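A quick write-up on the structure given underneath.
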Amino acid sequence: MTNPSTHPFLQVENLARAYPSPTGHDAVTVFDHVNFRIHKGEFVCVTGHSGCGKSTILNILAGLDSASAGNVFMDGREVSGPSLDRGVIFQSHALMPWLSVLENVSFAVKSRWPSWHKSKIRDHAMRYIELVGLKGAEHKKPSQLSGGMKQRVGIARAFSIEPKMLLMDEPFGALDALTRGVIQDELLKICAETQQTVFMITHDVDEAILLSDKIMLMSNGPHARIAEIVNNTLPRPRERSAIHKQPHYYPIRNHLVDFLVSRSKQFGALRDAPDAPSSPTVFDPEDLIEAEIDPVVHLPPVGKPHIHLVNA
Amino acid sequence: MKTKLTLSQKAGLLSLGLLAVILLVWQLATLPDTHAAAANVDPEYAALMGGGAAKAASSFPTPGAMAQTVWDRLSHPFYDNGPNDKGIGIQLAYSLARVLGGFALAAIVAIPLGFAIGNSRVVYQAINPYVQLLKPISPLAWMPLALYTIKDASASAIFVIFICSLWPMLINTAHGVANVRKDWLDVSRTLEVNPLRKAFRVILPAAAPTILTGMRISMGIAWLVIVAAEMLVGGTGIGYFVWNEWNNLSLTNVLFAIFMIGVVGMALDSIFGVLAKRVAYQE
Ligand SMILES: Nc1ncnc2c1ncn2[C@@H]1O[C@H](COP(=O)(O)OP(=O)(O)OP(=O)(O)O)[C@@H](O)[C@H]1O
Ligand SMILES: [Mg+2]
């Protein structure tokens, strides 16, 4: 499934987004020179500090927002607006409260296949409602569901249209740890079954390690970038209860936490030279284990792959 | 023995008690000798009123007379003895027909227009000055213009109802449409929902509670205005009936009409209450 030699499924080139400044005339550049690729079937997580522009990137990928500069290509075609090819799971679940669970999912199914007969739409929607474990609750209104159940309906709705790619903005951010764990397990299972390509924003380092093939780390804004990419090669299928016993688990985790705690701020140099192009530094877990032996910390030169060191 | 009363039982008892008090005060106030005594106590007042006070006192209906009238009129609501003597049911039907006609016309105009205003900042800013200017005008001020142009009393009354029903529906529809949650619009954008389906399946249900509130306010105002409008245009309707009975000096009938206006107004409002419940959703 993940085959780096073929054309990437999703390609993001030099993406930038600026907002007009509330005071002066100069625009505020939230992020620029954002470059990354996602291959078919890959699960990619993005993390970074609040306000660095993660949601903005996701909205641009979804076609709900437009970039100030740069391009997004999916399957060789430029993304220029929302499309059924990209399913979105919203943080606020965004269910329509006047529709039942079944009607919410059916609404999406009918949008995808307008010519389908009513019973076929219903059967298709029910299949995905069962997949997220909500059979029996299909006639309930969203207000009668718990937060976790609502988020599951959002997942069922996004999967039901069988999109080529799934975009998720902190889908489990509002859930308690237990519920979150259960839904993460379900998501792992569904993604394994469907070979879904996923772009997901999360603030939860453990969630990123559990779910992803690749973790992208964003530096702080303004002029935020994708500063580092960690290849998460932990073997699948992954078990939440056993994953921390993997030898690569803690090196990856420490690396991520260390980035969020300290390195994410150290890209100020990029702000002084905002036009300097950059490509993210890529890490493999083996690099990180070596790094742990040699505890020297220093800043990476812009645009050159470099190994970061972790104080464990 | 002690029984616990529910809240609505308590409220019901209190309501009945209140009714008893009102009827008692009414009865006492309309006792003929009390008023004669009052006139004796203050002859200057009686002189000022030109004997009117005493006359009014004697012709103001007692609760018993009132009950008799209510019973008589409600047992033959649909008789028709010529232009000045029709059953209450017929008069109310005339008024309701005018109200529903004007209201329906207003809804046909206000809801699509409100959609357009709510959907577009440009249309909103273009139309807003007109709405602001026209909204505070008393609907009855349009009456001469309506009579002049339409040249038909009944249609003019419908026009006045149309005008007064228009604004709350227009403003609420625009407000409801403009404030549909962005999430739901984003969902329909990512699902590539076509504009017509989006309007009917997303925006309309999302804005329905606000729109219905506007319709309810409009209906309330329309029912207030129809009485005044019919007093002006005459001929038929509950407003005309009130005015006619006042000219006949039949306060009993006037009181009866007031009571019926209240009952019908309450019924109309509760219909909208039921509708509002049906389109309400809990986020
Ligand atoms: N409409 C707007 N006008 C001006 N600035 C905006 C606007 N929307 C977002 N921003 C700015 O863009 C930046 C990125 O916002 P974004 O929502 O993408 O952040 P985020 O990384 O998703 O943060 P979080 O983790 O808190 O969700 C923020 O600093 C914000 O102030
Ligand atoms: Mg965000």
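Line order of the protein sequences matches chains Z and E.
First residue of the first sequence: 1, per the numbering used here; consecutive thereafter.
First residue of the second sequence: 1001, per the numbering used here; consecutive thereafter.
Virtual Cβ for every residue (Gly too), placed ideally from N, Cα, C.
Note that the structure is predicted; figures quoted are calculated from it, not measured.
*Is Z/I226 near Z/F36, with beta carbons less than 7 Å apart?*
yes
*Reducing DSSP to helix, strand and coil, say where Z/Y19 ends up.*
strand
_Taking the alpha-carbon of Z/K40 as reference, which of Z/R253, Z/Q195, Z/F267 has the nearest alpha-carbon?_
Ranking Z/R253, Z/Q195, Z/F267 by Cα distance to Z/K40 puts Z/Q195 first.
*Would you list the residues whose beta-carbon is nearer than 5 Å to any heavy atom of ligand 1, in the order they occur in the chain?*
Z/Y19, Z/V30, Z/S50, Z/G51, Z/C52, Z/G53, Z/K54, Z/S55, Z/T56
*Cα-Cα separation, Z/E170 to E/T1210*: 31 Å
*Going by alpha carbons, who is nearest to E/L1268 out of E/R1278, E/L1249, E/W1223, E/L1255?*
E/W1223
*Taking Cβ-Cβ distances shorter than 7 Å, what residues in chain Z pair up with E/E1245?*
Chain Z residues near E/E1245: none, gap ~47 Å exceeds 7 Å.
*Z/F259 to Z/T29, Cα distance in whole Å?*
22 Å
*Of the residues Z/A16, Z/V88, Z/L167, the one placed nearest Z/E42, counting alpha carbons only*: Z/L167
*Are any of the Cβ atoms in chain Z nearer than 7 Å to that of E/Q1027?*
no
_7 Å CB neighbourhood of E/K1198 in its chain, flanking five on each side removed_ = S1188
*Assuming Z/G48 and Z/K54 make a contact with CB atoms under 8 Å, what is their CB distance in whole Å?*
6 Å
_Out of Z/G87, Z/Q144, Z/K265, which one is the CA nearest neighbour of Z/R157?_
Z/G87
_Checking the sheet assignment: what are the DSSP bridge partners for Z/C45?_
Z/M200, Z/I215
*Could you tell me whether the Cβ atoms of E/E1192 and Z/L84 are closer together than 7 Å?*
yes
*Assign E/V1225 to one of two classes, buried (16 or more other C-beta atoms within 10 Å of its C-beta) or exposed (fewer than that).*
buried
*Rounded C-beta distance between Z/I229 and Z/L288? I'm assuming under 8 Å.*
Here Z/I229 is actually not in contact with Z/L288; their C-beta atoms are around 13 Å apart, not less than 8 Å.
*With a cut-off of 7 Å, does the C-beta of E/G1052 fall near any C-beta of chain Z?*
Because E/G1052 carries a pLDDT of 48, less than 50, the predicted location of this residue cannot be relied on, and the following value inherits that uncertainty. No, E/G1052 does not count as interfacial toward chain Z.
*Report the option in Z/P163, Z/Y19, Z/D284 whose CA atom is closest to the CA atom of Z/D75.*
Z/P163
*Identified DSSP bridge partners for Z/A69*: Z/A16
_Can you check whether the C-beta of Z/S92 is within less than 7 Å of a C-beta belonging to chain E?_
Yes - at least one Cβ of chain E is within 7 Å of the one on Z/S92.
*Please state whether DSSP places E/R1121 in a helix, a strand or coil.*
helix
_Against chain Z, with Cβ distances strictly below 7 Å, would E/L1191 count as a contact?_
True, the Cβ-Cβ gap to chain Z drops below 7 Å.
_chain Z contact residues for E/R1201, given Cβ-Cβ distances below 8 Å_ = F107
*How many Å lie between E/W1026 and Z/S146 at the Cα?*
56 Å
*Using 10 angstroms around the beta-carbon of E/H1076, count the other beta-carbons present and answer buried if the total reaches 16, otherwise exposed.*
By the 10 Å Cβ count, E/H1076 comes out exposed.
*So, E/G1310 versus E/I1158, is the Cβ gap smaller than 7 Å?*
The shown model of chain E, from 1001 to 1283, leaves out residue 1310 of chain E, and the question about it has no answer.
*Please compile the residues from chain E whose C-beta is within a distance smaller than 7 Å of the C-beta of Z/V88.*
Around Z/V88, the beta-carbon contacts reaching into chain E at under 7 Å are T1190.
*Any idea what DSSP makes of Z/N254, helix, strand or coil?*
helix
*Out of curiosity, what's the CA-to-CA distance linking Z/G221 and Z/S241?*
35 Å
*asked:* So the candidates are Z/A224, Z/E239, Z/M218, Z/L211; which of them puts its Cα closest to the Cα of Z/N232?
replied: Z/L211
*Please check the pair E/L1251 and E/P1061, which I expect to be a contact at CB under 8 Å, by giving their CB distance rounded to whole angstroms.*
The pair is a contact, with the Cβ atoms about 6 Å apart (cut-off 8 Å).
*Boundaries (first-last residue) of the beta strand (DSSP E) holding Z/R86*: 86-89
*Among E/K1182, E/G1118, E/T1213, E/E1245, which residue has its Cα nearest to the Cα of E/S1270?*
E/T1213
_Beta-carbon contacts of Z/A69 that lie in its chain and below 6 Å, excluding the five residues immediately before and after_ = A16, listed in sequence order.
*Would you grab the beta carbon distance between E/I1150 and E/S1156 for me? Rounded to a whole angstrom, and I think it's under 8 Å.*
5 Å
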